[in-house]
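**Student:** Adding 1 to a residue's 1-based position in the first sequence gives its number in my numbering. One structure coming up, written as structure tokens, with questions to follow.
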Amino acid sequence: MTLRLLFDEIRSNIKKISNDLGYPIVEFDVSEAAKPEFGDVSCNIGFLLAKPIKKRPSEIAEIIANEYQKRKRVFVSEVNVHASGYLNFVANHSAFIESVMQSSVRQDYGKFDLGQNSKIVVEHTSVNPNKALHIGHVRNIVIGDTMARILHKACYDVRILNYVDDSGLQVADIVIGFKYGGFDSKPPQNQKFDHYCGDTVYVNITERYGKEPILAEKRTMVLKELEEGNSEVAKFGDEITRRVLEEQLKTCWRLGVTYDCLNFESQIVRSRLWNVVLEKMKSMGLIYLESEGKNAGCWVIKSDSETEEDKILIRSNGVATYIAKDIPYATWKLGILEDPFYYKQYTVQKNGRILWETTLENTETKLNFTGDTVITVIDSRQSRLQKIITKIIEDFKSKGKSYVHLGYESVTLSSDTAKNLNLETEGKSVQMSGRKGIYVNADSVLDILGKKTYDEVKKRNPDLDDALLIKIAEQVAVGALRYAMIKQDLDKIITFDMTESLSLEGDTGPYIQYAYARSVRILEKSDKTPAFDVSFNDLNTSYEKNLVKIIGKFDIQVEDSAKNLSPKLIARYCYDLAVYFNSFYEHVKVLTAESPEMINARLCLVWSFKETLVKALSLLGIDAPYRM
RNA sequence: GGGCCUGUAGCUCAGCUUGGAUAGAGUGCUGGACUUCUAAUCCAGUGGUCAAGGGAUCGAAGCCCUUCGGGCCCGCCA
2 MTLRLLFDEI RSNIKKISND LGYPIVEFDV SEAAKPEFGD VSCNIGFLLA KPIKKRPSEI
62 AEIIANEYQK RKRVFVSEVN VHASGYLNFV ANHSAFIESV MQSSVRQDYG KFDLGQNSKI
122 VVEHTSVNPN KALHIGHVRN IVIGDTMARI LHKACYDVRI LNYVDDSGLQ VADIVIGFKY
182 GGFDSKPPQN QKFDHYCGDT VYVNITERYG KEPILAEKRT MVLKELEEGN SEVAKFGDEI
242 TRRVLEEQLK TCWRLGVTYD CLNFESQIVR SRLWNVVLEK MKSMGLIYLE SEGKNAGCWV
302 IKSDSETEED KILIRSNGVA TYIAKDIPYA TWKLGILEDP FYYKQYTVQK NGRILWETTL
362 ENTETKLNFT GDTVITVIDS RQSRLQKIIT KIIEDFKSKG KSYVHLGYES VTLSSDTAKN
422 LNLETEGKSV QMSGRKGIYV NADSVLDILG KKTYDEVKKR NPDLDDALLI KIAEQVAVGA
482 LRYAMIKQDL DKIITFDMTE SLSLEGDTGP YIQYAYARSV RILEKSDKTP AFDVSFNDLN
542 TSYEKNLVKI IGKFDIQVED SAKNLSPKLI ARYCYDLAVY FNSFYEHVKV LTAESPEMIN
602 ARLCLVWSFK ETLVKALSLL GIDAPYRM
């Protein structure tokens, strides 16, 4: 019995009692008690029935409590009425603890069958392949990757996609840099190619457009050639794109992120999927040829409201707009149209997962990366566009809610960090911009964090060899960055400050990892293997009870997080686990407990905690080092 | 002008979906705890007109309306 089973029992009993008493049906809430002194579980049914049956909440709670006493109650030891009107329950300690301990050591603990193996696509990252990933991209990547892991835990069949926009202006810009801007396509020694393209070539070329009209002229031409795909420029563009992509992926893998398939925009364009979608939209009457007004001669999507502008899909000169690349891609992800692609293996990733890529050449390999539901992780500046796509897809599928835009607010740079980039902002934070060179690269942050944690781990663990120190430092650096990017609500702006992000205390990834290392250490120092076939009744301090209770909540957290597409709930859960463990650690001695039985019982609890934490952290993509 | 998001402690944020018990963390500041399973820790104190006003409710940080402050989006660019 985890907490969920306790809730379920109380819920069904109250429902029965209320029904037997002839009360009207109300949507009452059964939830964890707000404070320990109230008990373990609370129910608000008294408040809800107060009006319909004209009794005071506490009076109703009293009646139900009396009735509850008469019923069979296996997992509830006490039913109390609070003067406020709440109905409070105390769990049967021995039954509860026994069940949490047993279930928490199971390999699949925390799993909750919400998805019933239905296919779900998560698309994230999707960074233009002309630059290195900066910390703003990291937020996207971490949200997408974490969500994918949580959905998998909630029994969805998850496919992860990364969309490579290799035919856009940004790629054209660096192609121009190499072809006409005088840049060598070999980066200076020791510099990653993506850093070189983004930090040097891209920033330089966009700056020169104003002064050198010849470069600007080349732009349109290069862009066209990239889309069409047969020219020498297109081949060169493809080569450059792939070199950048490879370096970007290295950063993603460093963060513990993997994918199933890379989708190249150029191929979507060249596959002519757009024409099929267009004809279908015309025949379904989803788009209109405007005959008058400022949009005369354009195919448009009519807006619902009067104030919102219509969205142009095809210009009066017959050329499709940007959104025309997104719509066929969205239909492809949902498997609405016949798949024009073949697939070939890009690489095998570190975790053994094969990464595929789309191709238009017939490789005789047909795979399926579509889903019944598609989640697209894009920052909320794209909300308007995503709303249009969602609407069109709904018209296509008529099934509703199959295309979900998971939006999030952007990452800005604090004024201090901006100052380090020679940018004076008068104390205000500033939006990042790849074009203007205002950003902090993900690799740099990880390197700086890694250096700091390396020194710290070495100081604390002088006995460890260097290779291990480096590994631990990297795990802590990644943990710190991933946690910082995921703990906050999606619609809050994250202001990134380099100095602040180096803090590893308090509500941080390393704090949680540290709790794990402590638990491992206890188990390591004990010469006994914990035996679980005993009674745990003696674990009855508040520190122990709290820890058991939080461990017992894991599957509920997974459910909530998956249902609400809210990855931060798992981050908070990990933090709470660590807080309760640290408190236990300081107040309750394990290895020097009063009896061998007590030592064993507490070792079991530590083991349970360790297993649960490592599973929860893995949903965040954070490794837990055993020493730090 | 329209749309989306946001405003809770000095600072950074939980809580708001689904109204209910004394509004919680981290950080900062003050003080305390290492001969002890790792002090990246723990414990105590400090700190709040939940932006403002109104409404419905027995009851509002939460729901509705208005106002104000902050951010983002609204091209026959991508």
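Glycine residues also receive a C-beta, built at the ideal position from the N, C-alpha and C atoms.
Which residues in the same chain have their Cβ closer than 8 Å to the Cβ of residue 25, if we skip the five residues on either side of it in sequence?
**Tutor:** Hits under 8 Å: 50, 53, 54.
**Student:** List the residues that DSSP assigns as beta-bridge partners of residue 381.
**Tutor:** Answer is none; residue 381 lacks a bridge partner.
**Student:** Provide the residue span of the alpha helix (DSSP H) that contains residue 583, from first to last.
**Tutor:** 569-588 is the extent of the alpha helix (DSSP H) around residue 583.
**Student:** Can you check which of these residues, 416, 95, 148, 166, is closest to residue 122 by C-alpha distance?
**Tutor:** Nearest C-alpha to residue 122: 148.
**Student:** Are residue 514 and residue 361 closer than 8 Å when you measure CB to CB?
**Tutor:** Going by C-beta atoms, residue 514 is not nearer than 8 Å to residue 361.
**Student:** I'd like to check one pair, residue 331 with residue 275: are the Cβ atoms closer than 8 Å?
**Tutor:** Their beta carbons are not under 8 Å apart, which means residue 275 does not touch residue 331 by this criterion.
**Student:** With which residues is residue 359 paired in a DSSP beta bridge?
**Tutor:** DSSP output for residue 359 lists 344 as bridge partner(s).
**Student:** What residue from 434, 417, 477 has the CA that sits closest to residue 500's CA?
**Tutor:** Closest by alpha carbon: 417.
**Student:** Classify residue 444 as helix, strand or coil using the three-state DSSP reduction.
**Tutor:** Residue state, collapsed to three classes: helix.
**Student:** Over the uninterrupted beta strand (DSSP E) stretch that includes residue 1, give me the two end residues.
**Tutor:** With the chain covering 2 to 629 only, the question about residue 1 has no answer from this structure.
**Student:** Between the Cα of residue 474 and the Cα atoms of 193, 626, 133, which residue gives the shortest distance?
**Tutor:** Ranking 193, 626, 133 by Cα distance to residue 474 puts 626 first.
**Student:** Using CA coordinates, which residue listed in 163, 596, 618, 555 is at the minimum distance from residue 5?
**Tutor:** Nearest option by C-alpha distance: 555.
**Student:** Give the straight-line distance between the Cα atoms of residue 181 and residue 504, rounded to the nearest whole angstrom.
**Tutor:** Straight-line Cα distance between these residues: approximately 45 Å.
**Student:** Buried or exposed: residue 168, going by 16 or more other Cβ atoms within 10 Å of its Cβ?
**Tutor:** Answer is buried; the Cβ neighbour count reaches 16.
**Student:** Which two residues bound the contiguous beta strand (DSSP E) that contains residue 264?
**Tutor:** Counting along the chain, the beta strand (DSSP E) containing residue 264 begins and ends at 262-265.
**Student:** Identify, in the order they occur along the chain, each residue of the same chain with its Cβ nearer than 6 Å to the Cβ of residue 633, setting aside the five sequence neighbours on each side.
**Tutor:** No information on residue 633 is available, as it lies outside the stretch 2 to 629 that the chain covers here.
**Student:** Taking residue 95 as the reference, give the member of 7, 483, 309 with the closest Cα.
**Tutor:** The residue with the shortest Cα to Cα distance from residue 95 is 7.
**Student:** Just reading off the alpha helix (DSSP H) that residue 98 is part of, what are its end residues?
**Tutor:** 94-105 is the span of the alpha helix (DSSP H), which, as asked, contains residue 98.
**Student:** In whole angstroms, give me the CA-to-CA distance for residue 215 and residue 221.
**Tutor:** Near 11 Å, if we compare the C-alpha coordinates of residue 221 and residue 215.
**Student:** Measure from the alpha carbon of residue 258 to the alpha carbon of each residue in 350, 176, 423, then state which is nearest.
**Tutor:** Here the closest residue by C-alpha is 350.
**Student:** So, using beta-carbon positions, are residue 398 and residue 337 closer together than 8 Å?
**Tutor:** Result yes, Cβ atoms of residue 398 and residue 337 sit closer than 8 Å.
**Student:** Look up residue 78 in the DSSP assignment and say whether it is helix, strand or coil.
**Tutor:** The answer is strand: DSSP assigns residue 78 an E or B state.
**Student:** Where DSSP assigns a beta bridge to residue 392, which residues make up the other side?
**Tutor:** Answer is none; residue 392 lacks a bridge partner.
**Student:** In three-state DSSP terms, what is residue 299?
**Tutor:** Note: residue 299 maps to coil in three-state DSSP.
**Student:** If you reduce the DSSP assignment to three classes, tell me which class residue 605 lands in.
**Tutor:** Of the three classes helix, strand and coil, the one that applies to residue 605 here is helix, per DSSP.
**Student:** Using the C-alpha atoms, what's the distance from residue 89 back to residue 63?
**Tutor:** Taking the straight line from one Cα to the other gives about 11 Å.
**Student:** Indicate whether residue 574 and residue 617 have their beta-carbon atoms separated by less than 8 Å.
**Tutor:** Their beta carbons are under 8 Å apart, which means residue 574 touches residue 617 by this criterion.
**Student:** Indicate whether residue 494 and residue 411 have their beta-carbon atoms separated by less than 8 Å.
**Tutor:** It is a contact, given that the beta carbons lie within the stated cut-off.
**Student:** For a test of the three-state rule: what should DSSP assign to residue 315, helix, strand or coil?
**Tutor:** Note: residue 315 maps to strand in three-state DSSP.
**Student:** Where residue 605 and residue 534 are concerned, what is the direct C-alpha to C-alpha distance, given to the nearest angstrom?
**Tutor:** The straight-line gap from Cα to Cα measures roughly 10 Å.
**Student:** Within the same chain, show all residues whose beta-carbon is closer than 8 Å to that of residue 529, passing over the 5 residues directly before and after it, in chain order.
**Tutor:** If we look at residue 529 and ignore the five residues flanking it on each side, its Cβ neighbours are 600, 601, 604.
**Student:** Counting only runs of 4+ residues fully inside the segment 186-241, write out the alpha helix (DSSP H) ranges in chain order.
**Tutor:** Correct list: 204-209, 214-229.
**Student:** Give me whichever residues DSSP pairs with residue 161 in a beta bridge.
**Tutor:** DSSP lists 123 as partners of residue 161.
**Student:** Can you tell which of 85, 91, 17, 84 has the C-alpha that lies nearest to the C-alpha of residue 37?
**Tutor:** Comparing Cα positions, the closest option is 91.
**Student:** Check residue 90 in the structure and name its three-state DSSP category.
**Tutor:** In this structure, residue 90 counts as strand in the three-state DSSP scheme.
**Student:** Tell me whether the beta-carbon of residue 394 lies closer than 8 Å to the beta-carbon of residue 314.
**Tutor:** No, these two residues do not count as a Cβ contact at 8 Å.
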